[in-house]
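So the structure is just underneath, and the comments pick up after that.
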Amino acid sequence: MSEFSFDDNGTFDIFWDAYPRKVGKFKALKSWERLKPSYTLTDMIMTALEFHKKQEGWNKEGGKFIPHPATWLNQRRWEDEIKLDPQQKIISEAEKARIAQKLINRDAELYRLAERDLEARRSGKL
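The opening residue of the sequence shown carries number 888 in the working numbering; numbering runs sequentially from there.
Pasting the structure below:
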């Protein structure tokens, strides 16, 4: 559970751990709370984030052009169209496997959080 929030369902921590620019955590958390993302939306955000992290603009000059996490969330940047550069190197099979494993692990964590919330609702704790 995030140190900044009392009712966070744990999905912000997944986002924060994956986001490559670690600035403005409190603002990012407030943006996350305004979104109130479902587990499905969290999955969409995280999937888009993995693609954004591979974009040339995010990787040049040491990540200088990666937006602050709150900005990325407030502008709903996960909805941006991602254009693949034809000159971009093809992702290796090992990289594809690494990304797939990362997505599987994240989905398992989201499932675990949803199960915990469901159990809490059933027991009247929420």
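Cβ coordinates follow ideal geometry from the N, Cα and C atoms, glycine included.
Annotated three-state conformation of Ile953 is coil, per DSSP.
Taken in chain order, the complete alpha helix (DSSP H) segments of 4 or more residues contained in the stretch 894-940 are 898-905, 912-922 and 926-939. Annotated three-state conformation of Ile969 is coil, per DSSP. 8 Å or more divides the Cβ of Leu1000 from the Cβ of Thr934. Three or more beta-carbon pairs separated by less than 8 Å are not found between the stretch 917-927 and the stretch 936-950, which leaves the two stretches without contact. Per DSSP, reduced to three states, the secondary structure at Arg963 is coil, with no helix or strand assignment. In terms of Cα proximity to Glu996, the closest of Asp930, Glu943, Leu922 and Lys941 is Asp930.
Distance from the CA atom of Arg1008 to the CA atom of Glu1002, rounded to whole angstroms, is 10 Å. With respect to Arg908, Pro956 sits close: the two C-beta atoms are nearer than 8 Å. Inter-residue distance for Glu968 and Ile932 is about 13 Å (C-alpha atoms, whole angstroms).
A residue is called buried once 16 or more other Cβ atoms fall within 10 Å of its Cβ, and Phe913, having fewer, is exposed.
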